[in-house]
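What follows is a single structure, written as structure tokens, with notes after it.
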Amino acid sequence: MNYWLMKTEPDTFSIDDLKAQKTSGWDGVRNYQARNFMRDDMKKGDLILIYHSSCEVPGVAGLAIVNKESHPDPSAFDSQSNYFDPKSNQDNPRWFMVQVKYKAKFKAFVPLSQIKKEKKLQDMKLIQKGNRLSIMPLEKSEFLHILKLANYSLT
DNA sequence: GCCAACGTTGGC
DNA sequence: GCCAACGTTGGC
């Protein structure tokens, strides 16, 4: 079992949108490192922190789970899509995604400012200088500590 | 809106 | 393979 953090801009797709849809293909990722995590490493049942970025108060908003493992991102084939990539095609897809399933919206949102203050979270990739990855692995201890801050318990 | 930091592109 | 130019991310 692995643990992940996935960023999303809530103006585009928020934890509330995921809650309403229940499941969603995580399309539109156009960064190779993030793609590789989805294509190679994210397994069904892995748990995911959903992070709101580029918004008034950035931070961790909720929890999701990998529902379907890697498959080609169809938005890359759609010339009408913002995520269209003419270099990707059905025979040789360049971009992959996983499908995620809603688990919870945290009652206690965990803001980035709080994460930065937590001694136990200082090694998180999220707060390393210059890191812009939209999908990143978490240590189990980091994952659990954030659940604690969110006042959320698994089971 | 600013801007630091990073990733990608493409000429050479 | 180098690297300048450009585009994007994302916090502030």
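Numbering (my numbering), first residue to last: 322 to 476. Cβ coordinates follow ideal geometry from the N, Cα and C atoms, glycine included.
With a minimum length of 4 residues, the unbroken runs of alpha helix (DSSP H) contained wholly in the segment 337-371 fall at 353-357. Distance from the Cα of F398 is smallest, within the candidate group I436, E377, N413, P432, for N413. F405 is classed as exposed because its beta carbon has fewer than 16 other beta carbons within 10 Å across all chains shown. As the crow flies, the alpha-carbon of S402 is around 11 angstroms from that of D394. For F430, the secondary structure class from DSSP, reduced to helix, strand or coil, is strand. In the three-state reduction of the DSSP assignment, S391 falls in the strand class.
In terms of CA proximity to S434, G380 leads the group E330, G380, M327, W325. With a contact defined as Cβ atoms closer than 8 angstroms, T344 and V421 qualify at about 7 angstroms. Looking only at E390, E439, D332, N357, the smallest Cα-Cα distance to K469 is reached by E439.
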